[in-house]
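*Asks:*
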Amino acid sequence: MSQPTLPADPAALGTALEATGYLPDEGLATAAYLALVMHRPLFLEGEAGVGKTALARALAEVTGRPLYRLQCYEGLEASHALYDWDFGRQLLHLRAAEAAHAAGDPAELEAGLYDRRFLLARPLLQALEDSPSVLLVDEVDRADDEFEAFLLEVLSDFTISIPELGTVRAETPPLVVLTSNRTREVHDALKRRCLYHWLEHPDFEREVAILRRRLPDVTDALARQVARATAKLRSLDLLKPPGVAEAMDWASALHALGARELDPDTAARTLGAVLKYREDTDRVHALTRGALFGGS
2 MSQPTLPADP AALGTALEAT GYLPDEGLAT AAYLALVMHR PLFLEGEAGV GKTALARALA
62 EVTGRPLYRL QCYEGLEASH ALYDWDFGRQ LLHLRAAEAA HAAGDPAELE AGLYDRRFLL
122 ARPLLQALED SPSVLLVDEV DRADDEFEAF LLEVLSDFTI SIPELGTVRA ETPPLVVLTS
182 NRTREVHDAL KRRCLYHWLE HPDFEREVAI LRRRLPDVTD ALARQVARAT AKLRSLDLLK
242 PPGVAEAMDW ASALHALGAR ELDPDTAART LGAVLKYRED TDRVHALTRG ALFGGS
């Protein structure tokens, strides 16, 4: 199947992303375009919920490429990101050979156990083999230093060595998007390998536009009031300020209750859609609700 024609410039990419429902600003569209044409990883940092992961999904849709996601976590090892051997299938193969009284060189039988069909490809290997693709390395700041160093090596030449099978090299380097919520600083060596962009929370008008695009059944008045109230919540000293994703959840919850506008009582009853910590909810309830949620 032929790949879609790549956008000619950042503006064209921004328009294509908007067609998927993702509304980037000019700076983000430019960073994503350069990552695409320069074959450089794109490192996105910002608060949770500002749209880092969603950008990778939108880029996969725009480019017509498969998306492979590697979710990082503490203790992540290279084998979990690269490949593993399907020991169950290998054992069945060995038992089948024994049942058939297969004769031959034991070394040859052992070598057959490490055939490509017994290899379980993980996201990094999948992204290299299924070329061209989009590789999302999500929340890389949660991984350990050792995995970060390993990842840097893979991204340097997009090559993986499998001792039993040989070397796998991507015909076309994947479009790599790395995200970080900045729970810790990622090493400079990895950042230098990438193009960098910091994602801010959208301004008021852009957030309204996102809500209206993604939730067309929500009234314009409700979308504007949710965007304004969410911005006020972000200005408080909360453990987890709400992102765009939480704003959409909130608007969806209010719409499900039949709300056409945001009033203090309904807002207070639906805070669980936008705030995820008890301390944050208690803090908001302790404040004057009308000051937070009143007005249009």
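Under my numbering, residues 2 to 297 are what the sequence shown spells out, in order.
Even for Gly, the Cβ is constructed at its ideal location relative to N, Cα and C.
Can you tell me the Cα-Cα spacing of residue 263 and residue 125, whole angstroms?
*Replies:* 45 Å
*Asks:* At what residue ranges does the stretch 119-152 contain a whole run of the alpha helix (DSSP H), taking only runs of 4 or more?
*Replies:* Taking 4 residues as the shortest admissible run, the stretch 119-152 contains the following complete alpha helix (DSSP H) segments, listed from N- to C-terminal end: 124-130.
*Asks:* If residue 50 sits next to residue 243, beta carbons under 8 Å apart, how far is it from one beta carbon to the other, in whole angstroms?
*Replies:* 7 Å
*Asks:* Buried or exposed for residue 208, please, with buried defined as at least 16 other CB atoms from any protein chain shown within 10 angstroms of its CB.
*Replies:* Burial call: buried.
*Asks:* Since residue 205 is in the alpha helix (DSSP H), which residue starts that stretch and which ends it?
*Replies:* 205-215
*Asks:* In angstroms, rounded to a whole number, what distance separates the CA positions of residue 297 and residue 228?
*Replies:* With a pLDDT of 47 at residue 297, under the threshold of 50, the modelled position of that residue is not reliable, and the figure given next carries that caveat. The alpha-carbon atoms of residue 297 and residue 228 are separated by roughly 10 Å.
*Asks:* May I ask you to report which of helix, strand or coil DSSP gives residue 297?
*Replies:* Because residue 297 sits at a pLDDT of 47, beneath the cut-off of 50, its placement in the model cannot be relied upon, and the point is left open.
*Asks:* Going by the CB atoms, is the gap between residue 183 and residue 137 shorter than 7 Å?
*Replies:* no
*Asks:* Roughly how many whole angstroms lie between the Cα atoms of residue 80 and residue 44?
*Replies:* 23 Å
*Asks:* What beta strand (DSSP E) runs, 3 residues minimum, are completely inside the stretch 44-96?
*Replies:* 68-72 and 84-86
*Asks:* Could you check the C-alpha separation between residue 288 and residue 225 for me, to the nearest Å?
*Replies:* 21 Å
*Asks:* In the DSSP assignment, find the alpha helix (DSSP H) that holds residue 28 and state where it starts and stops.
*Replies:* 27-39
*Asks:* May I have the straight-line CA-CA distance separating residue 177 from residue 215, to the nearest angstrom?
*Replies:* Taking the straight line from one Cα to the other gives about 25 Å.
*Asks:* Suppose the cutoff is 6 Å on Cβ atoms and the five residues either side in sequence are ignored; what does the same chain contact list for residue 1 look like?
*Replies:* Since the displayed the chain opens at 2 and closes at 297, residue 1 lies outside it and no answer follows.
*Asks:* Check each candidate in 22, 250 and 230 and name the one with the smallest Cα separation from residue 265.
*Replies:* Closest option to residue 265, Cα to Cα, is 230.
*Asks:* Give the straight-line distance between the Cα atoms of residue 15 and residue 77, rounded to the nearest whole angstrom.
*Replies:* Each residue's alpha carbon lies about 34 Å from the other.
*Asks:* Given that a residue counts as buried once 16 or more other Cβ atoms are within 10 Å of its Cβ, and exposed if not, what is residue 39?
*Replies:* Residue 39 should be labelled exposed.
*Asks:* Can you tell me which residues form a DSSP beta bridge with residue 256?
*Replies:* For residue 256, which the question treats as bridged, DSSP gives no partner whatsoever.
*Asks:* To the nearest whole angstrom, what separates the beta carbons of residue 41 and residue 84, a pair I think is in contact under 8 Å?
*Replies:* Not a contact, Cβ separation roughly 25 Å.
*Asks:* What residue range is occupied by the uninterrupted alpha helix (DSSP H) comprising residue 180?
*Replies:* Run containing residue 180: none in the alpha helix (DSSP H); it sits in the beta strand (DSSP E), 176-181.
*Asks:* Around the C-beta of residue 181, are 16 or more other C-beta atoms found within 10 angstroms, so that it is buried, or is it exposed?
*Replies:* buried
*Asks:* In chain order, what residues of the same chain lie with their CB nearer than 6 Å to the CB of residue 46, ignoring the 5 residues before and after it?
*Replies:* Closer than 6 Å at Cβ, skipping near neighbours: 181, 183 and 199.
*Asks:* Looking only at its own chain, which residues have a Cβ that is under 7 Å from the Cβ of residue 21, when we skip the five neighbours before and after it?
*Replies:* 59, 62 and 63
*Asks:* Please classify residue 271: is it buried, with 16 or more other beta-carbons within 10 angstroms of its beta-carbon, or exposed?
*Replies:* buried
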